[in-house]
Amino acid sequence: MNLVVVTPPANEPVSLGEAKVHLRIDDYGDVTPGQPLPHPDDDLVKRLIGTARSKCEHFCRRAFVTTTYTMGLDRFPACIRLPIGRLQAVESITYVDTNGVQQTLPPADYQVDTLTEPARIAPAAGKCWPSTQYETLNAVRVNFTAGFGSRDEQPTWVKDAILLTLGDLYRFRGEVVTGTTVARIPEGAEYLMWTHRLWPE
1 MNLVVVTPPA
11 NEPVSLGEAK
21 VHLRIDDYGD
31 VTPGQPLPHP
41 DDDLVKRLIG
51 TARSKCEHFC
61 RRAFVTTTYT
71 MGLDRFPACI
81 RLPIGRLQAV
91 ESITYVDTNG
101 VQQTLPPADY
111 QVDTLTEPAR
121 IAPAAGKCWP
131 STQYETLNAV
141 RVNFTAGFGS
151 RDEQPTWVKD
161 AILLTLGDLY
171 RFRGEVVTGT
181 TVARIPEGAE
191 YLMWTHRLWP
201 E
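In structure tokens:
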């Protein structure tokens with residue numbers, strides 16, 4: 001199974017302003033009302049927000065802000081299990097048929113189980129998966145969209161977990177801490193995400 005991001009998140013779950021408040025970073029220099037000057041660490045904080053979000057998504061096996069993916073499979077399994085949640089929509093399923101021609105599977109030919117997380121896809125009642133060209137790698141491709149929605153639609157635990165992780169990344173930036181694994185997600189963030197974590201079957 002291969003998973004590729006086709007359309008990345010339009011923005012991060014946490015804004016630069018929210019991050020700076022959490023990190024207690026004040027605006028830098030003279031401030032004109034309504035036009036605060038940027039802080040020298042703004043670009044760094046923006047990058048670390050993305051890193052923190054990626055680490056938290058990996059831990060949870062979830063997408064936070066709406067993201068589009070393509071999952072490749074060498075052939076159709078009995079039941080397709082998507083590797084991450086939260087599923088918004090299955091955009092399409094394509095496959096390479098036995099003649100080497102790419103086909104798009106009609107939506108009426110399969111059913112999507114969104115009650116289960118991660119979601120499952122199986123043939124519709126009375127249907128079966130089509131045959132694919134055996135020699136073709138990633139002959140089956142599932143295009144889907146996952147995530148909780150926009151930045152404003154994120155659950156509180158997502159934002160809080162990212163902020164806690166961001167705090168560690170910012171605090172230990174550029175340092176080697178003996179006896180400490182800086183790359184590890186902070187315990188507080190893990191605690192917030194634990195009950196929302198999806199487990200592979």
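1 is the number of the first residue of the sequence shown in our numbering; add one for each residue after it. Built from N, CA and C at the ideal position, the CB exists for glycine as well.
Relative to the C-alpha of residue i, which candidate in the options has its C-alpha closest?
i, options, result
"residue 65", "191, 71, 21 and 12", "12"
"residue 205", "5, 10 and 39", "Nothing in the structure corresponds to residue 205, since the chain is present only between 1 and 201."
"residue 78", "109, 69, 128 and 55", "128"
"residue 69", "52, 169 and 1", "1"
"residue 192", "200, 156 and 171", "156"
"residue 200", "18, 14 and 116", "116"
"residue 173", "107, 51 and 18", "51"
For residue i and residue j, I'd like the C-alpha separation in whole angstroms.
i, j, result
"residue 67", "residue 145", "6 Å"
"residue 48", "residue 169", "7 Å"
"residue 84", "residue 8", "15 Å"
"residue 4", "residue 171", "31 Å"
"residue 10", "residue 74", "30 Å"
"residue 152", "residue 109", "35 Å"
"residue 86", "residue 195", "14 Å"
"residue 180", "residue 93", "Residue placement at residue 180 cannot be trusted, given a pLDDT of 47 that sits under 50; the coordinates are not used to answer."
"residue 80", "residue 150", "27 Å"
"residue 25", "residue 107", "50 Å"
Spatial neighbours of residue i within its chain, please: C-beta separation below 6 Å, excluding the five flanking residues on both sides.
i, result
"residue 72", "2, 138 and 141"
"residue 90", "112 and 144"
"residue 202", "Past the boundaries of the shown model lies residue 202; the chain is included only from 1 to 201, so the question cannot be answered."
Go through its chain and collect everything with a Cβ distance to residue i's Cβ below 8 Å, but skip five positions before and after it.
i, result
"residue 130", "76, 95, 97, 103 and 105"
"residue 111", "121, 122, 123, 124 and 125"
"residue 56", "64, 158, 161, 162, 165, 185, 189 and 193"
"residue 16", "42, 45, 46 and 49"
"residue 113", "119, 120, 121 and 122"
"residue 6", "68, 69, 70 and 143"
"residue 154", "13, 64, 65 and 148"
"residue 18", "159 and 163"
"residue 187", "none"
Looking only at its own chain, which residues have a Cβ that is under 7 Å from the Cβ of residue i, when we skip the five neighbours before and after it?
i, result
"residue 88", "66, 145, 146 and 147"
"residue 197", "59, 60 and 61"
"residue 167", "22 and 23"
"residue 53", "12, 13, 64 and 162"
Open item on the list: Pairs of beta-carbons, one from the stretch 129-144 and one from the stretch 93-112, closer than 8 Å: are there three or more?
Closed with: Contact between the stretch 129-144 and the stretch 93-112 is present: 3 or more CB-CB pairs across the two stretches fall below 8 Å.
Task: Uninterrupted alpha helix (DSSP H) stretches inside the stretch 46-116 (no shorter than 4 residues) - done: When DSSP assignments are scanned along the stretch 46-116, no uninterrupted stretch of alpha helix (DSSP H) that is 4 or more residues long falls wholly within it.
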